[in-house]
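Engineer: Please see the structure below; I have some questions.
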Amino acid sequence: MQTTAMKMKKAVLTLLAAAACAAIAGSALAQQIELKPGREVLEGEPVSLAVSQLKPGSEVRLRTLRVVRSPYMGAQVFRAEATLVADANGRIDTASQAPRSGSYSGADSRGLFWAMKPARVDEALARQLREAPAGEVLIQAISVAADGAESVLTEQRLLLRPVVEGLQRRSVEGMAGAQLVLPAKAGARLPVVIVLGGSEGGAGMAGGIANDLASRGFAALSLPYYSPGRWGATGPQPPELPELPRSFAMIELSRLEQARDWLQKQAEVDGSRIAVYGVSKGSEFALSAAARMPWLRSVVAVVPTDVVWEGWDSSNSSAANQPSFAWKGQALPFVPYQDFQKEFAGFATGAPVIVRRPQDKGRAANPERAVAARIPVEQYAGPVLLIAGTDDQMWDSGGMARAIAAKRSEKGLPTEALVYEGAGHAIVGSGYAPTTMHNAGPMKMGGSPEADARAQGDAWPRMIAFLKRTLAL
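So the sequence shown is numbered by our numbering: it starts at 1009 and just counts up by one.
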């Protein structure tokens, strides 16, 4: 027969066991942010973001924060958020559920990344974000009380790794700023992509794209060809590469042949498999060169032009009345601008600067020169990929991409044109970096954050697949 003390002891043990079970159950039901394929991915690879173990029907605010670094703004905190409702299984999935409110609309697995905008946060959090590895995103699931008070349910960190570790880099003799980038473990001789940036000049954009391509198994050569004075976070800066031209005039196309000759001497590179990737003015370079260089295996032209344009130099009027490009010292026919300086006066007056306007005016006023300046894309027999937007305000890349595709189609040449409705000029990228600042400054790129991100997210994997296919990687 149990004593009273024994009964009390047994009751206490039962209560403790029940409490332990409840704690275990509560732990099992703790809210979780699920990231697939994992908490670290190469930026541009698909990522799914979901939250589980929520109360069905409950509203949860998802928030993302990261630091974005640029030569113009320095290191700045960006933030996006979206309020979603848990389904009957207590789950939120950004790929299949549209937010009730927030930084973006519609189901979008990348919305919490591209929709980020500059934000003020407390200094402790800002310091934590600045000290995080490049590309790290803090993701929070937040409960919001009726009075607006926030309570963090759970948080997770996702590292969108900019490039893979261990890339090999080598400078190119005699070509200022040019750099060969190789995968960490370069085995057999690799195909190579020569990367040409745009009117920003210097090595920044070309170098970044070369790193992206090398991270996906290509050899890549970033090839700067122009380096004007710059504007940084602290004001005017000297040219990054003073050995290169400061004026965008009479840029020599044969620089690409010089790069080829150097590449063919490199043991890791297959000099018979060379493609060229050009962005904006770099596409003008790439297409003009391809029409004269049949040895190129394929061409990617992002926000392209179908004609050669007049050159420029904000500090030297002698660049006017000259073409942007030359071929073995000979000036190429070009389309002149009209009211170019008038448009750029907007930087002083605060009026929007829309570079497309003096170009459209010049083309309309000089139809015969536009015919002469057309890039003879039908002279290049290899595959061409064109990527453009219909709301490009730097120049009419959408219309010109379609013109290039039509001219090549007449000859039955392999051409793929990806023209995105509503997208602007700034559609280089994978769709995971913020696209909200493309029209924030005086110079307008066109497009909307959503359209630009959609274009990037669709074009990026298709561009990689095109290069792998045409270069037999």
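Note that CB positions come from ideal geometry on N, CA and C, so glycine has one too.
#1: Can you grab the Cα-Cα spacing for the pair Leu1295 / Pro1391, in whole Å?
#2: So, Gln1164 versus Arg1178, is the Cβ gap smaller than 9 Å?
#3: Keeping to the same chain, check which residues put their C-beta closer than 8 Å to that of Arg1300; ignore five residues upstream and five downstream.
#4: Rounded to the nearest angstrom, what separates Gly1206 and Gly1185 at their Cα positions?
#5: Roughly how many angstroms lie between the CA atoms of Pro1126 and Gln1084, to the nearest whole one?
#6: Exposed or buried, what is Pro1442 when buried is set at 16 or more other beta-carbons lying within 10 Å of its beta-carbon?
#7: Could you check whether the Cβ of Pro1366 sits closer than 9 Å to any Cβ belonging to chain D?
#8: From which residue to which residue does the beta strand (DSSP E) around Glu1318 run?
#9: Is the CB-CB distance between Ala1103 and Ser1056 below 9 Å?
#10: Checking the sheet assignment: what are the DSSP bridge partners for Thr1443?
#11: Report all residues from its chain with a CB closer than 6 Å to the CB of Ala1467; omit the five preceding and five following residues, and keep chain order.
#12: List the whole-angstrom C-beta distance separating Leu1340 from Val1316, where the pair is believed to meet the contact cut-off of C-beta under 8 Å.
#13: Are three or more beta carbon pairs between the segment 1209-1228 and the segment 1167-1174 nearer than 8 Å?
#14: Measuring alpha carbon to alpha carbon, tell me which of Gln1148, Lys1063, Val1093, Gln1346 ends up nearest Leu1120.
#15: Examine the ligand HEM and report whether any of its heavy atoms sits within less than 8 Å of the Cβ of Leu1146.
#16: Between which two residues does the alpha helix (DSSP H) holding Gly1354 run?
#17: Measuring CB to CB, does Leu1062 end up less than 9 Å from Leu1198?
#18: Taking just the CA atoms, how far does Ser1417 sit from Arg1382?
#19: Considering only the beta carbon of each residue, do Val1152 and Gly1279 sit closer than 9 Å?
#20: Taking all protein chains shown into account, decide if Leu1271 is buried (16 or more other Cβ within 10 angstroms of its Cβ) or exposed.
#21: Quick check: what's the CA-CA separation for Met1213 versus Asp1314?
#22: Return the CA-CA distance between Gln1401 and Gln1105, expressed in angstroms with no decimal places.
#23: So, helix, strand or coil for Met1451, using DSSP?
#24: Buried or exposed: where does Glu1248 fall if 16 or more other Cβ atoms within 10 Å of its Cβ makes it buried?
#25: Taking Leu1137 as the reference, give the member of Pro1191, Gln1274, Val1076 with the closest Cα.
#26: Alpha carbon to alpha carbon, how far is Ala1356 from Phe1333?
#27: Between Ala1413, Ser1288, Asp1095, Asn1329, which has its C-alpha nearest Gln1346's C-alpha?
#28: Do Ser1405 and Pro1312 have their C-beta atoms within less than 9 Å of each other?
#29: Contact defined as beta carbons within less than 8 Å: I believe Pro1450 pairs with Gly1358. What is the distance between those atoms, to the nearest angstrom?
#30: Terminal residues of the continuous alpha helix (DSSP H) containing Asp1368?
#31: To the nearest angstrom, report how far apart Trp1239 and Gln1245 are at their CA atoms.
#32: Taking Ser1417 as part of the alpha helix (DSSP H), name the residues at either end of that continuous run.
#33: Following the continuous beta strand (DSSP E) through Arg1135, name the residue where it begins and the one where it ends.
#34: Looking at the unbroken alpha helix (DSSP H) that takes in Ala1467, where does it start and where does it end?
#35: How many whole angstroms separate the CB atoms of Ala1297 and Val1284, which I take to be in contact at a CB cut-off of 8 Å?
#36: Tell me which residue opens and which closes the alpha helix (DSSP H) that Glu1265 is part of.
Structural biologist: Let's see:
#1: Start at 1 with the first residue of the sequence shown, and residue 1295 comes out as number 287. Start at 1 with the first residue of the sequence shown, and residue 1391 comes out as number 383. Between Leu1295 and Pro1391, the C-alpha separation is close to 12 Å.
#2: As a first step, residue 1164 is located in the sequence shown; it is residue number 156 there, counting from the start. As a first step, residue 1178 is located in the sequence shown; it is residue number 170 there, counting from the start. Against a cut-off of 9 Å, the Cβ pair of Arg1178 and Gln1164 comes out as no contact.
#3: Indexing the sequence shown from 1 puts residue 1300 at position 292. Cβ contact annotation for Arg1300 (same chain, cutoff 8 Å, sequence separation greater than five): Leu1261, Trp1335, Gln1387, in chain order.
#4: By 1-based counting over the sequence shown, the position of residue 1206 is 198. By 1-based counting over the sequence shown, the position of residue 1185 is 177. Going from the Cα of Gly1206 to the Cα of Gly1185 covers about 15 Å.
#5: Residue numbering aside, residue 1126 sits at position 118 when the sequence shown is read from its first letter. Residue numbering aside, residue 1084 sits at position 76 when the sequence shown is read from its first letter. C-alpha separation (whole angstroms): 7 Å.
#6: Within the sequence shown, residue 1442 is the residue found at index 434, counting from 1. Buried.
#7: Protein chain content of the structure displayed is limited to a single chain, and chain D is not contained in it.
#8: Along the sequence shown, one-based indexing puts residue 1318 at 310. No beta strand (DSSP E) holds Glu1318; DSSP gives it neither H nor E.
#9: The residue labelled residue 1103 in the question sits at position 95 within the sequence shown. The residue labelled residue 1056 in the question sits at position 48 within the sequence shown. Yes. Within cutoff.
#10: By 1-based counting over the sequence shown, the position of residue 1443 is 435. Paired residues: none, contrary to the question.
#11: As a position in the sequence shown, residue 1467 is number 459, starting the count at 1. Only Ile1395, Leu1426 meet the Cβ criterion.
#12: Here residue 1340 refers to the residue found at position 332 when the sequence shown is read from its first residue. Here residue 1316 refers to the residue found at position 308 when the sequence shown is read from its first residue. With 8 Å as the limit, Leu1340 and Val1316 qualify as a contact, their Cβ atoms being about 5 Å apart.
#13: yes
#14: On the sequence shown, residue 1120 is found 112 positions in, with the first residue counted as 1. Nearest C-alpha to Leu1120: Gln1148.
#15: The model depicted lacks the ligand HEM and carries no ligand whatsoever.
#16: Translated into the one-based positions of the sequence shown, residue 1354 becomes position 346. Residues 1354-1357.
#17: In the sequence shown, residue 1062 corresponds to position 54, counting from 1. In the sequence shown, residue 1198 corresponds to position 190, counting from 1. Contact: no.
#18: Within the sequence shown, residue 1382 is the residue found at index 374, counting from 1. Within the sequence shown, residue 1417 is the residue found at index 409, counting from 1. Straight-line measurement puts the Cα of Ser1417 at about 16 Å from the Cα of Arg1382.
#19: Stepping through the sequence shown from its first residue, residue 1152 is reached at position 144. Stepping through the sequence shown from its first residue, residue 1279 is reached at position 271. Taking the C-beta atoms as reference points, Gly1279 is found no nearer than 9 Å to Val1152.
#20: Within the sequence shown, numbered from 1, the residue matching residue 1271 stands at position 263. Its Cβ being crowded by 16 or more others within 10 Å, Leu1271 is buried.
#21: Here residue 1213 corresponds to residue number 205 of the sequence shown, with the count starting at 1. Here residue 1314 corresponds to residue number 306 of the sequence shown, with the count starting at 1. One alpha carbon belongs to Met1213, the other to Asp1314, and they sit about 22 Å apart.
#22: Along the sequence shown, one-based indexing puts residue 1401 at 393. Along the sequence shown, one-based indexing puts residue 1105 at 97. Approximately 33 Å, taken between the alpha carbons.
#23: On the sequence shown, residue 1451 is found 443 positions in, with the first residue counted as 1. Strand at Met1451.
#24: Translated into positions along the sequence shown, residue 1248 becomes position 240. When all chains shown are included, Glu1248 counts as buried.
#25: Taking the first residue of the sequence shown as position 1, residue 1137 is located at position 129. It is Val1076 whose Cα lies nearest to the Cα of Leu1137.
#26: Along the sequence shown, one-based indexing puts residue 1356 at 348. Along the sequence shown, one-based indexing puts residue 1333 at 325. Their backbone Cα atoms lie some 29 Å apart in a straight line.
#27: Within the sequence shown, the letter at position 338 stands for residue 1346. For the residues Ala1413, Ser1288, Asp1095, Asn1329, the minimum Cα distance to Gln1346 belongs to Asn1329.
#28: Stepping through the sequence shown from its first residue, residue 1405 is reached at position 397. Stepping through the sequence shown from its first residue, residue 1312 is reached at position 304. Going by C-beta atoms, Ser1405 is nearer than 9 Å to Pro1312.
#29: The sequence position of residue 1450 within the sequence shown is 442, counting from 1. The sequence position of residue 1358 within the sequence shown is 350, counting from 1. Contact holds; Cβ gap of about 7 Å.
#30: By one-based count along the sequence shown, residue 1368 stands at place 360. From DSSP, the alpha helix (DSSP H) with Asp1368 extends over 1364-1373.
#31: Position 231 of the sequence shown holds residue 1239. Position 237 of the sequence shown holds residue 1245. Rounded to whole angstroms, the gap between the alpha carbons of Trp1239 and Gln1245 is 6 Å.
#32: Against the sequence shown, residue 1417 aligns to sequence position 409. 1405-1418 is the span of the alpha helix (DSSP H), which, as asked, contains Ser1417.
#33: Looking up residue 1135 in the sequence shown gives position 127. Premise fails: Arg1135 lies in the alpha helix (DSSP H), 1131-1139, not in any beta strand (DSSP E).
#34: By 1-based counting over the sequence shown, the position of residue 1467 is 459. Per DSSP, Ala1467 belongs to the alpha helix (DSSP H) from 1457-1479.
#35: In the sequence shown, counting from the first residue as 1, residue 1297 sits at position 289. In the sequence shown, counting from the first residue as 1, residue 1284 sits at position 276. Your pair Ala1297 and Val1284 checks out as a contact, with CB atoms roughly 7 Å apart and the cut at 8 Å.
#36: Taking the first residue of the sequence shown as position 1, residue 1265 is located at position 257. Element bounds for Glu1265: 1263-1271.
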